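The opening position of the sequence shown corresponds to residue 93 in the numbering used here, with each subsequent residue numbered one higher.
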Amino acid sequence: MENKKSSRRTFIQQSVLAAAGLGLAGKVQAAGWGDPGADDGINGFRIYPADGEFTLPALGYANNALEPHIDEMTMMIHHDKHHAGYVA
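Right, here's the structure in full:
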């Protein structure tokens with residue numbers, strides 16, 4: 093393996109290029125998201141719900157289905173309170 097010395101100038105140049113690349117990638121990604129209520133979406137998948145409201149769907153299984161690993165109370169708190177706070 094070759095031992096290459098890095099200078100401060102090279103580090104700063106590469107850091108600026110990386111930051112610019114990440115910023116540009118964020119702009120490109122953000123440009124792909126439609127307006128709320130837009131019908132196009134990405135690959136036919138709607139980005140926003142038709143009514144503009146996000147809702148937390150019910151679990152696909154019972155709250156106690158993961159016992160003894162995760163108890164029912166923990167599942168209820170996590171899904172109904174914690175996760176719902178981020179969705180709604």
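For every residue, glycine included, the Cβ atom is placed at its ideal position computed from N, Cα and C. Given the structure is predicted, the values throughout are model-derived calculations rather than measurements.
Among the residues of its own chain, which have a CB less than 6 Å from the CB of residue i, if the five just before and after it don't count?
i	result
I104	none
Using C-beta distances below 7 Å, list every residue in its chain close to residue i, excluding the 5 sequence neighbours before and after it, in chain order.
i	result
M168	N155
Examine chain C for any beta-carbon lying closer than 8 Å to the beta-carbon of residue i, and answer yes or no.
i	result
L151	Looking for chain C here will not work: only one protein chain is present.
To the nearest angstrom, report how far apart residue i and residue j are at their CA atoms.
i	j	result
M165	G177	17 Å
Apart from the five residues just before and just after residue i, which ones in its own chain have a Cβ nearer than 8 Å to its Cβ?
i	result
K67	The structure shown has nothing for residue 67, since the chain only spans 93 to 180.
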